[in-house]
Each structure stands twice: as C-alpha cells, then as structure tokens.
Amino acid sequence: MTRGLIADAVLALMIAIVVSLCVAAWCVYMVFGVHLVDIDTWVANGRDPWTVSHHEALGVGWVNGAKMYAPLVSPIEEVGAPPWWAVNAMAPMDQYQRSTRVAVLGAGWPMVQVVRIWVTTRNDELFPPSAEFDVSGACLEMGKDRLWDEPRQFVFMPIPAVIDAIPWFALFFAGLRLYRRHGERKTKM
Numbered sequence: 050m051t052r053g054l055i056a057d058a059v060l061a062l063m064i065a066i067v068v069s070l071c072v073a074a075w076c077v078y079m080v081f082g083v084h085l086v087d088i089d090t091w092v093a094n095g096r097d098p099w100t101v102s103h104h105e106a107l108g109v110g111w112v113n114g115a116k117m118y119a120p121l122v123s124p125i126e127e128v129g130a131p132p133w134w135a136v137n138a139m140a141p142m143d144q145y146q147r148s149t150r151v152a153v154l155g156a157g158w159p160m161v162q163v164v165r166i167w168v169t170t171r172n173d174e175l176f177p178p179s180a181e182f183d184v185s186g187a188c189l190e191m192g193k194d195r196l197w198d199e200p201r202q203f204v205f206m207p208i209p210a211v212i213d214a215i216p217w218f219a220l221f222f223a224g225l226r227l228y229r230r231h232g233e234r235k236t237k238m
C-alpha cells in the first residue's frame, strides 16, 4: 500500500512538472491577448534610471528596459518596478553600463517559471528595441521568434515552477490513486 502510494506520488510529480512546462511552452507558442501594462521610468536600486515597457498575454510576460541615463547622485525610493520575475532575471541591475538594452520573455501559467533574456549594448543591433518604442506589443512576437537565437540565456524559477505544478500534481495523483483502487478491486474479484 505505502509503496504504491509513493510510486503514485513520484509518477504524478513527474507528469505534473512535464505538463506544467508544456503549458508554459504552449503559452509562448500561441500568445493570446497581448496588452500593454505599462511604460514607465524605473529607478533600480534607488540610483539607476531605466525606461521600461511591460506587456502581458495569457501565460507570457514581456519586459523591455533601456538604461539611457547616468546613475543618480543620491538614492531615491524605487518606483515603477517591473514584475519580480523580470527583476530577478535581469539582476543585478548595476552590472549594466549606460545605453544597455535588456529584454526578458517569461513563460508559465499561472506564474512565470522560465525566463529568456536578451542583452545588448550595441546601437547597430535592432533587437531588443528601446523600451519607449515598444508600445504595440510587437516586440513580444519578435522575442518569441528569436527564442532560440544565440546567445541563449535562460533563467529557471524553481519556486513558481513548483507552485504551477501543484494543481497538476493533485489532479494526476488523484487519478492514479483511483486507477490503482480500481485495479485492486478487479484483482480481488
């Protein structure tokens, strides 16, 4: 009985993680309902001003930032921050020099669990574009098309991945337990 319970739990966990990652991949592939959340100035770490645009779609987030200004002389309160997953993927913010453009594409539902990062300091590169021009949401599609371009830089968010897998785990674990009970009843007959 205990061995079957543990086996069901392990199998349900493996299936849940795979399904959760497949849902994230499907969200990136389909991109439903892109809308602009915000274009704002974000003062990272209280000193570094960034122009940041943020778009969202079902299971997908896009944040595009441009560091065009020198650090502030005195620190101020951090305002206008992009979502936590984007900040974590781009961190530390003081590593970037002036005229750096950074874009992140996050995928996962209901929480972002995988993030793709692009960074450029060259003005002759068109991608990622400057944040103030990213109004239509077309940059999210451009990022989707460049997902596997070199250099590939991905960040995996383990805690949101576990949270995303919990409902799938519960569903598959319950299904496996019912299947096992049904099989045990058949063998007793």
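Basically my numbering = 1-based index in the sequence shown + 49. Each residue gets a CB set at the ideal place from its N, CA and C atoms; glycine is no exception.
query: How about ALA210 and GLY155: are their beta carbons less than 9 Å apart?
result: no
task: Within 10 angstroms of the Cβ of SER102, are there 16 or more other Cβ atoms? Answer buried if so, exposed if not.
output: buried
task: Quick one: grab the DSSP three-state call for GLU105.
output: strand
field: Identity of the residues DSSP links to ASP87 by a beta bridge
entry: HIS103
field: Rounded C-alpha distance that separates ALA180 from ILE66
entry: 34 Å
- request: Buried or exposed for MET206, please, with buried defined as at least 16 other CB atoms from any protein chain shown within 10 angstroms of its CB.
  value: buried
task: Could you round the C-beta distance between PRO124 and ARG96 to whole angstroms and report it? I think they count as a contact, below 8 Å.
output: 5 Å
- request: With GLY189 as the anchor, note down where its beta strand (DSSP E) starts and where it stops.
  value: Here the sequence assigns Leu to residue 189, which means Gly is not the residue at that position. First-last for LEU189: 187-194, but that is the alpha helix (DSSP H), not the beta strand (DSSP E).
Sequence-distant residues of its chain with Cβ nearer than 6 Å to ALA87 (five each side left out): Residue identity check: residue 87 is Asp in the sequence provided, not Ala. Closer than 6 Å at the Cβ level, and outside the excluded window around ASP87, lie HIS103.
query: ASN113 bridges to which residues according to DSSP?
result: SER102, ALA152
field: The alpha helix (DSSP H) enclosing VAL136, as first and last residue numbers
entry: 133-139
task: To the nearest angstrom, report how far apart THR90 and PRO98 are at their CA atoms.
output: 7 Å
task: Round the Cβ separation of ILE212 and MET160 to the nearest angstrom and send it over; I've been treating them as touching at under 8 Å.
output: 6 Å
query: Excluding the five sequence neighbours on either side, which residues of its own chain have a C-beta within less than 8 Å of the C-beta of ARG147, listed in chain order?
result: LYS116, MET117, TYR118, ALA119
field: Selected residue, minimal CA-CA separation from VAL122, among ALA140, VAL92, ALA58
entry: VAL92
- request: Would you give the residue range spanned by the beta strand (DSSP E) that VAL164 belongs to?
  value: 163-169
Cutoff 8 Å; reference PHE203; Cβ partners in own chain excluding five residues on either side: VAL163, VAL164, ARG165, ILE166
task: Report the partner residues of VAL77 according to the DSSP bridge assignment.
output: DSSP lists no partner for VAL77.
- prompt: Name the DSSP bridge partner or partners of VAL92?
  reply: PRO98
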